[in-house]
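When the letters of the sequence shown are read in order and numbered with full-length UniProt numbering, they come out as residues 1 to 586.
We treat Cβ as the ideally placed atom computed from N, Cα and C, and that holds for glycine.
None of these values were measured; they are calculated from a predicted model.
What follows is a single structure, written as structure tokens, with notes after it.
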Amino acid sequence: MDRFEIEDDDFVLNGEPFRILSGAIHYFRVHPDQWADRIHKARLMGLNTIETYVSWNFHAETPDSWTQSGRADLDRFLRLIQAEGMYAIVRPGPYICAEWDNGGLPAWLFANPTVGIRRDEPQFIAAVTTYLNRVLGIVAPLQIGNGGPVILVQVENEYGAYGDDASYLRKLTDITRSAGITVPLTTVDQPQDDMLANGSLPELLKTGSFGSRAVERLETLRKNQPTGPLMCSEFWDGWFDHWGAHHHTTSAGESAAELDALLSAGASVNIYMFHGGTNFGFTNGANDKGVYQPIVTSYDYDAPLDEAGQPTAKYWAFREVLARHSSLPAELPAARVPAPDFSVPLDRAVSLFSVADRLGSWSWSDGLPSMDELGQYSGFALYSHEIDLDRVAVLEIGEVRDRAYVFVNDSPIGVLARDHHDRSISVPAGRGTLSLLVEDQGRVDYGDRIGEPKGLIGPTVLDGVRLQRWGVLPLDLRSLAPVDAALDAGADHPRSLSGPVFARGHFSLAAVQDLFLDTSSWGKGVVWINGFCLGRYWSRGPQRTLYVPAPVLNRDRNEMVVLELESAACAEARFVTEANLGHTEF
Ligand code: GLA
């Protein structure tokens with residue numbers, strides 16, 4: 001039976017010192033049929049281990065549900081790692097940050113404000129126990145001592161940047177051990193004395209997260225932990241992007257030099273990210289340090305393997321460094337094949353207003369429920385109120401989370417954007433229905449605003465008078481069948497798209513391969529291909545193309561549905577040969 005242990009200076013595998021050369025791939029950000037390819041390419045770069053977070057909210061969309069199939073099949077992911085002859089590190093949180101919606105914490109946890117998030121509070125601990133028992137039930141049989149690939153499990157995530165509740169960390173450790181985890185347990189923190197002290201326990205191995213000044217950071221880690229292997233559990237080799245900002249890239253040469261310094265100092269490493277993947281659907285997180293900044297759909301991260309799984313200059317630079325510190329397989333990844341360039345007419349369109357009733361049901365209340373209160377934890381909701389105004393009036397809203405398109409009798413009158421701190425809008429005189437189509441653009445994943453409810457946050461006031469009666473329709477977009485049926489009878493060959501509108505087109509392919517959908521001539525919206533939600537697009541950029549993974553495509557017939565919230569001058573979809581993630585800083 002294999003043994004993996006921590007000794008005074010090293011990780012030790014079956015009695016021999018072992019250096020972890022790991023790369024992060026989040027299984028939930030990659031199509032499952034591409035997992036094996038990405039893992040294989042990690043080994044070809046010179047890595048011996050794959051690390052993944054586990055995102056609680058991806059597995060447990062509601063308090064009573066649990067999914068572990070498809071893109072949530074952690075068991076399959078870990079077995080593929082083993083099949084490649086590699087080891088695995090699992091980081092189940094419960095909080096993961098990771099630029100993921102709500103940092104991985106399920107939004108439903110926050111419905112009860114007395115739940116003490118990320119601390120030793122009985123209700124939180126009870127929910128975490130259920131969650132960890134499920135996840136660790138998958139992981140435990142796959143530990144190295146049981147013949148599997150798992151060599152390390154992490155407790156919490158950068159907890160020292162958030163709290164100092166040692167008894168919470170102790171409970172997590174106990175739950176983890178009781179679930180049958182016997183491999184060494186780690187914590188990760190940014191290498192600052194206070195964070196390293198608050199984020200760990202004496203029985204857990206402290207590791208660091210950083211992307212530069214490796215030698216100095218390792219010294220800080222060593223000062224805070226006199227013995228044990230040194231490890232950078234998140235060697236940041238790139239960064240994530242926000243809508244409205246630039247696409248982040250880092251120099252391959254500088255990043256490789258830093259990796260070299262880290263390895264020359266004898267440390268183990270987990271490259272964050274080796275392959276970032278995509279925030280498919282509505283899974284992206286956001287930041288808010290005074291201004292709300294949602295994360296884009298791509299999680300390319302400027303990683304060695306790009307979003308489409310192709311080696312970049314950083315891959316080759318890292319491979320060269322790794323070759324200096326270990327022996328490498330001779331095989332090289334196959335060369336990139338350019339994607340086809342073609343256009344698809346969107347030949348049917350139907351207004352969202354005419355199909356909304358088929359995507360959910362209205363609930364009317366004397367108050368303003370948040371989307372969360374209606375059990376809607378992502379996506380869109382339509383808010384509605386009847387008005388009768390004899391002059392222009394001003395509508396005021398406590399806070400819009402996160403973006404509201406405002407209509408009177410289905411005609412647009414403006415937008416309220418959280419990132420602009422918009423709180424009011426003029427409403428024209430007249431009588432009819434005031435509607436607000438509200439988008440949850442992604443929950444904050446770091447800092448104080450984690451867990452806040454989405455939708456319209458009251459009070460709402462019109463012309464000085466508080467509005468009471470609102471209708472709310474959470475839009476269920478998990479199945480597009482109602483949209484499809486409405487599109488069959490929708491407008492034929494529309495010239496342009498005036499949102500909010502669903503539009504549809506079909507296409508076939510000479511060969512099934514990855515595609516890049518150019519969204520630069522559209523406004524803002526969401527795209528599905530063959531029912532698979534690619535994610536959000538936005539003219540604000542920087543991201544200009546959406547990645548379409550080959551496994552969601554067919555050769556003969558593909559159906560594409562676009563929800564355009566704003567406008568597009570031409571009802572056409574264009575596919576291009578390569579990704580365009582937008583302008584960079586320099
Ligand atoms: C921290 C977190 C990660 C991720 C990175 C930034 O290190 O632990 O989850 O958010 O920052 O990409």
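Practice task
Starting from the Cα of Glu-234, find the closest Cα among Ser-539, Arg-217, Cys-533 and Val-561 and give me that residue.
Solution key: Here the closest residue by C-alpha is Arg-217.
Handout entry: Alpha-carbon to alpha-carbon, Gly-490 and Ser-435
Key = 22 angstroms
Exercise for the section: Answer with buried or exposed for Thr-227, where buried requires no fewer than 16 other C-beta atoms within 10 angstroms of its C-beta. Expected result: exposed
Problem - Heavy atoms of ligand 1 versus C-beta positions, residues under 6 angstroms - result: Ile-96, Cys-97, Ala-98, Glu-99, Asn-157, Glu-158, Ser-209, Glu-234 and Phe-240
Handout entry: the stretch 506 to 524 / the stretch 550 to 558 touching (three or more Cβ pairs under 8 angstroms)
Key = yes
Problem - Under 9 angstroms between C-beta atoms of Phe-28 and Ala-88 - result: no
Exercise for the section: Could you name the residues of the same chain whose beta carbon sits closer than 6 angstroms to that of Val-415, not counting the 5 residues immediately before and after it, in chain order? Expected result: So the list reads Tyr-405, once near-sequence residues are dropped.
Problem - Ala-485 versus Ser-567, Leu-359, Pro-549 and Phe-407, residue with shortest Cα-Cα distance - result: Leu-359
Handout entry: The beta strand (DSSP E) enclosing Tyr-547, as first and last residue numbers
Key = 545 to 548
Handout entry: Inter-residue Cα distance where the pair is Ala-308 and Pro-338
Key = Cα-Cα distance, rounded: 11 angstroms.
Exercise for the section: Take every Cβ of the stretch 450 to 466, pair it with every Cβ of the stretch 102 to 111, and state whether three or more of those distances are shorter than 8 angstroms. Expected result: yes
Handout entry: Nearest-angstrom Cα separation, counted from Thr-249 out to Glu-578
Key = 17 angstroms
Exercise for the section: Could you tell me the distance, in whole angstroms, from the CA atom of Asp-463 to the CA atom of Gln-441? Expected result: 28 angstroms
Exercise for the section: Using a threshold of 9 angstroms, state whether the C-beta atoms of Asp-241 and Gly-582 are closer than that. Expected result: Their beta carbons are under 9 angstroms apart, which means Asp-241 touches Gly-582 by this criterion.
Handout entry: Three-way DSSP call (helix, strand, coil) for Ile-413 in this model
Key = strand
Exercise for the section: Kindly list the residues whose CB is nearer than 7 angstroms to the CB of Val-291, restricted to its own chain and excluding five residues on each side of it in sequence; keep chain order. Expected result: Asp-419
Handout entry: Residue nearest to Leu-142 in terms of C-alpha spacing, selected from Gly-471, Pro-191 and Arg-79
Key = Taking the Cα of Leu-142 as reference, the smallest distance to any Cα among Gly-471, Pro-191 and Arg-79 is reached at Arg-79.
Handout entry: Inter-residue spacing [alpha-carbon to alpha-carbon] between Asn-224 and Ser-178
Key = 28 angstroms
Practice task
Please check the pair Tyr-446 and Asn-287, which I expect to be a contact at CB under 8 angstroms, by giving their CB distance rounded to whole angstroms.
Solution key: 6 angstroms
Practice task
Specify the secondary structure class of Gln-34 as computed by DSSP and reduced to three states.
Solution key: Correct three-state label for Gln-34: helix.
Exercise for the section: Using 10 angstroms around the beta-carbon of Asn-270, count the other beta-carbons present and answer buried if the total reaches 16, otherwise exposed. Expected result: buried
Practice task
Inspect the beta-carbon positions of Gln-123 and Gly-160 and report whether they are closer than 9 angstroms.
Solution key: Result no, Cβ atoms of Gln-123 and Gly-160 do not sit closer than 9 angstroms.
Practice task
Look up Ala-568 in the DSSP assignment and give the residues it is bridged to.
Solution key: In the DSSP output, where bridge partners are listed per residue, Ala-568 has Leu-497.
Exercise for the section: Would you mind sorting Ala-140 into buried or exposed? The rule is 16 or more other CB atoms within 10 Å of its CB. Expected result: buried
Problem - Own chain partners of residue 592 with C-beta closer than 6 angstroms, once the 5 adjacent residues on each side are dropped - result: Within the shown structure, residues of the chain are numbered from 1 to 586, placing residue 592 beyond reach of any answer.
Exercise for the section: Within its chain, find whatever has a CB closer than 8 angstroms to the CB of Arg-119; leave out the 5 residues flanking it on each side and keep chain order. Expected result: Listed in chain order, the non-local C-beta contacts of Arg-119 below 8 angstroms within the same chain comprise Gly-163, Asp-165 and Tyr-168, local neighbours out to five positions each way being set aside.
Exercise for the section: Measure how close the beta-carbons of Phe-502 and Leu-565 come, nearest whole angstrom, since I'm counting them as under 8 angstroms. Expected result: Contact doesn't hold; Cβ gap of about 11 angstroms is too wide.
Handout entry: Helix, strand or coil at Ser-370 [DSSP, three-state]
Key = coil
Practice task
Can you tell me which of the three DSSP states Thr-130 falls into?
Solution key: helix
Handout entry: Own chain, CB closer than 6 angstroms to Lys-41, minus 5 neighbours either side, in chain order
Key = If we look at Lys-41 and ignore the five residues flanking it on each side, its Cβ neighbours are Leu-305 and Pro-333.
Problem - For Gln-513, the three-state DSSP class (helix, strand or coil) - result: Under the three-state reduction of DSSP output, Gln-513 falls in the coil class, being neither helix nor strand.
Exercise for the section: Could you have a look at Phe-58 and say whether DSSP puts it in helix, strand or coil? Expected result: Three-state result, Phe-58: helix.
Exercise for the section: Would you identify the three-state DSSP class for Met-86, choosing helix, strand or coil? Expected result: coil
Problem - Spatial neighbours of Gly-23 in its chain, beta-carbon cut-off 8 angstroms, leaving aside the 5 residues before and after - result: Ala-42, Met-45, Leu-47, Thr-49, Ile-50, Glu-51, Asn-270, Ile-271, Met-273, Phe-274, His-275 and Pro-304
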